[in-house]
Amino acid sequence: MSTLKGSGPQTSDAPTPEDAFHEAAALDARESEPRHGSGNGGPVLAADGTPLKRSLARALRAQKMRALALIAPLLIFVLLTFIAPIADMLFRSVENQIVRDTLPRTVEALADWDDTSGELPGDAVFEAAYTDIFLAAEYKLHTRLGSRLNYELTGVSSLFRKSGRGLDDIGEVYLDQFEDLDEAWDEALPWAELMGTADSVAAYKAWVKAEDKAKENNEDFNDPIPAFEMRDDIADVLPRTAEAYSRFATFVRDEDEDSPFEEEPWTLVVTRLYEDLRDGDVSSYNGPRAEMLKAADALVDSPDFQTADLQAAFGEIDEDWLDTRVWQTIKTYSPAYTNGYFLNAVDMQKTPDGAAMRDEDERIYGLLFKRTMFMSLVITFSCIALAYPVAYLLSTLPMRTANLLMILVLLPFWTSLLVRTSAWKVMLQQQGVINDVLVWLGLVADDGRLVMINNQLGTIIAMTHILLPFMILPMYSVMSTIPPTYVRAAKSLGATNWTSFWRVYFPQSVPGIGAGSILVFILSIGYYITPEIVGGTTGTFISNRIAYHISSSLNWGLAAALGTILLAVVLILYWAYDRIVGIDNVKLGG
């Protein structure tokens, strides 16, 4: 039988590499099956002699790699500009490593302290805090730590700044007495001789002689100072001193770019020397500066030697150190990860007894979240009410007229957002254009002008104007695809104008309303410039608070937690919309 062309539906589906791959696999399987009278057949081969199945697999792999290479720039761009910032925000909302990293000894010592007892921690905690804060002050980390803890307890920031300057006084108590005994204790080289290797000290002394000789001969001398090397055996005699001096030597070399041979040690090193002499025995020591060390040991054992009470010394620096709330805050926020930011974001706080609500006058974020959701919904509905007739008119007018009016709709996009918001601030104020017109028309009295700025009304009016084009465009794109014959057919069957609109036209425009509503609502909850300018104290959004914590208070953890909650709320509302309306029914036209 012959087949007539055009007698049936024509298909334009071309074979793909996947189809060819499967066909070759089937053919390969058939060829490999036993044949009657001819034995086993071999696989089908390509032109180059390789099996067709393998050749097609290689071609398919190459095609996929080319496709991946084409989308790789876009994928990398999305990862760097969208996924990575969101991941960083999520991490910052729980990250809390600064306390543990800056105060490691204090955190360990506080683990054994009962923070619900109402009593101050023991001497071990104050000793650990003295070491940690002293080192943090040298590395300029104590102010950052104070700022972090100040988010949880007001006044901690200034407490750490003051302590960074005042902890030197504790070591000065011991240094002054050692210096009265022997002035060498206040010099760099005797300390280096006590703590360093003989070779490194000899190299430094030779360097000093060479430098002095060059100065006498008026010659240039640019040789670097020999490196300092710690003695291994000094830790057996003075373990705490060796550890502190090693930190000092590393700091001087790496941070100050200087040498321990020419830099006096920290007062922390002197304090550690006192502790080693108090608890240890140096009578058998015969190394460098042995006589100086033994004389200091005898001084420490004398009844006239003055010591410092660390708890009292902290109290002299600032009496807030004797407040248990400071130590409770340090212990509460000592873990590397915390839910404290999220608790603060929902008007709660971490306490020794667990999570608790904040005082009534401190609960602001719940109010801001409710206000943001409410005002965003009001703005969305007001945009629907204003945009629907405009989009309907544009879709029914001739194309030339509709295009001209569309230019007026798009005109606000060509004007700065700041300019448009500032214009509304001028128009809405009590001596502004709108109030002047209302007074001129006699609708309001001159002494009863409307208050439309620095409140929720001003924010709603300004943001409705700004977001209105984002509602008109999706509506118009959907309405322009609705055939007018549907409405005429309904009228021809006896429907009234209202019935034909409500039963025929409006249901087909719902996808445009859905698309515009999602767009306007999501944009409105993230706005912060317009509410900041025209909202005052009652018309600001949660986004304004997020911007404040990012740019002013620098509490990025709380800002990240607020942003994460806002993101979760949007996703939940999006899910609810999909369940109720169906995201598949949302259209932008076509």
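Residues in the sequence shown are numbered consecutively from 1144, following the numbering used here.
Where a beta carbon is used, it is the ideal one built from N, C-alpha and C, also for glycine.
Quick caveat: nothing in here was measured; it's all calculated off a predicted structure.
Among the residues of its own chain, which have a CB less than 6 Å from the CB of glycine 1180, if the five just before and after it don't count? With a pLDDT of 39 at glycine 1180, under the threshold of 50, the modelled position of that residue is not reliable, and no figure is offered here.
Three-state secondary structure assigned by DSSP to proline 1555: helix
Would you mind giving the Cβ-Cβ distance between threonine 1673 and methionine 1595, rounded to the nearest angstrom? I have them listed as a contact below 8 Å. Their Cβ separation, rounded to whole angstroms, is 14 Å, which puts threonine 1673 and methionine 1595 out of contact at 8 Å.
For asparagine 1365, which of Arg1374, Phe1371, Leu1520 and Glu1354 has the nearest alpha-carbon? Glu1354
Inter-residue Cα distance where the pair is aspartate 1342 and glutamate 1406: 19 Å
Starting from alanine 1341, trace the beta strand (DSSP E) both ways and give me its first and last residue. Note, alanine 1341: premise wrong, no beta strand (DSSP E); alpha helix (DSSP H) at 1341-1359.
Can you tell me the Cα-Cα spacing of alanine 1488 and threonine 1681, whole angstroms? 19 Å
What is the DSSP secondary structure of glutamine 1574, reduced to helix, strand or coil? coil
When the distance is taken between beta carbons, is serine 1300 closer than 7 Å to serine 1290? yes
Alpha helix (DSSP H) segment containing threonine 1286, residue limits: 1285-1293
Bridge partners - lysine 1493, DSSP secondary structure assignment: Ala1498
Euclidean distance between Cα positions of alanine 1528 and serine 1623: 18 Å
I believe arginine 1563 touches asparagine 1578 by the beta-carbon criterion, under 8 Å. Please report the beta-carbon distance rounded to the nearest angstrom. The pair is not a contact, with the Cβ atoms about 19 Å apart (cut-off 8 Å).
Reducing DSSP to helix, strand and coil, say where proline 1194 ends up. strand
First and last residue of the uninterrupted alpha helix (DSSP H) at serine 1427: Looking at the DSSP string, serine 1427 is not in any alpha helix (DSSP H), and its letter there is neither H nor E.
C-alpha distance - tyrosine 1282 paired with phenylalanine 1613, whole-angstrom precision: 52 Å
Inter-stretch contact at 8 Å, needing at least 3 Cβ pairs: the segment 1411-1420 / the segment 1376-1388: yes
Determine, for aspartate 1375, whether the minimum Cβ-Cβ distance to residues of chain D falls below 7 Å. The chain labelled as chain D is not found in the depicted structure, where only one protein chain is given.
Would the segment 1661-1673 and the segment 1487-1501 be scored as touching if the rule is three or more Cβ pairs under 8 Å? no
Based on Cα-Cα distance, which residue from Pro1617, Met1208 and Asp1444 lies nearest to proline 1654? Pro1617
Where leucine 1203 falls: helix, strand or coil (DSSP): helix
For aspartate 1590 versus valine 1582, is the C-beta spacing smaller than 7 Å? no
Hey, valine 1469 and leucine 1296 are a contact pair by Cβ (cut 8 Å); roughly how many whole angstroms apart? 7 Å
Just verifying my parser: in three-state terms, what is the DSSP assignment at glutamate 1717? The question names glutamate, but residue 1717 is tyrosine in the sequence shown. Helix at tyrosine 1717.
What's the call for arginine 1543, buried or exposed, on a 16-neighbour Cβ count within 10 Å? exposed
Cross-strand partners of glutamate 1398 (DSSP beta bridge): Paired residues: none, contrary to the question.
Beta-carbon gap between glutamine 1651 and isoleucine 1625 smaller than 7 Å: yes
Quick one: using the 10 Å Cβ neighbour count with 16 as the cut-off for buried, is proline 1408 buried or exposed? buried
Taking only runs of the alpha helix (DSSP H) that begin and end inside the segment 1295-1338, which ones reach a length of at least 4 residues, in chain order? 1299-1309, 1311-1324 and 1331-1338
Over what stretch of residues does the alpha helix (DSSP H) that includes aspartate 1589 continue unbroken? No alpha helix (DSSP H) holds aspartate 1589; DSSP gives it neither H nor E.
The segment 1225-1245 in contact with the segment 1448-1464 per 3-pair CB rule at 8 Å: no
Is it the case that the segment 1302-1313 contacts the segment 1273-1281, given that we only count it when at least three CB pairs across the two stretches are under 8 Å? yes
Cα separation between valine 1395 and isoleucine 1219? 42 Å
Closest residue to glutamine 1454 among Glu1262, Thr1193, Phe1225 and Gln1320 (Cα-Cα distance): Glu1262
Excluding sequence positions up to five away, which residues of its chain have a Cβ less than 7 Å from the Cβ of valine 1521? Ile1603
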